[in-house]
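All letters in the sequence shown, in the order written, are residues 9 to 80 by our numbering.
All C-beta atoms, glycine included, are put in the ideal place defined by N, C-alpha and C.
This structure is a prediction, so every number in the text was calculated from the model and none was measured.
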Amino acid sequence: MKKILQRALESDASVEIIYMDGNGTITQRTVIIHDIHPTYIKALCLMRNQTRIFSISNILAASMTKAKRKLA
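Structure below.
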């Protein structure tokens, strides 16, 4: 899992994740990773259009997408 996240960060690719929040709700999101820490990632959630913190232990699945990060 961490290898996919790291590769997405390095290649500026977005990542599709299946994520379980603190209440146990499972969602599918596309994110653009800004930073990776030992226990969480900081990423732009394209569903909410906000920067969010995602616990790595709550990411159930991840796959890189073909979309690239857009420069502002």
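CB of residue i within 7 Å of CB of residue j, strictly
i, j, result
"residue 51", "residue 41", "yes"
"residue 12", "residue 69", "no"
"residue 26", "residue 36", "yes"
"residue 67", "residue 48", "no"
Close-in-space but distant-in-sequence residues of the same chain around residue i (CB under 6 Å, 5 per side omitted)
i, result
"residue 34", "28"
"residue 24", "38, 71 and 73"
"residue 59", "52"
Nonlocal neighbours in the same chain, by C-beta distance under 7 Å from residue i, ignoring five residues either side
i, result
"residue 44", "13, 14 and 17"
Residues sharing a beta bridge with residue i, DSSP
i, result
"residue 12", "According to DSSP, residue 12 bridges with nothing at all."
"residue 43", "50"
Inter-residue spacing [alpha-carbon to alpha-carbon] between residue i and residue j
i, j, result
"residue 56", "residue 19", "23 Å"
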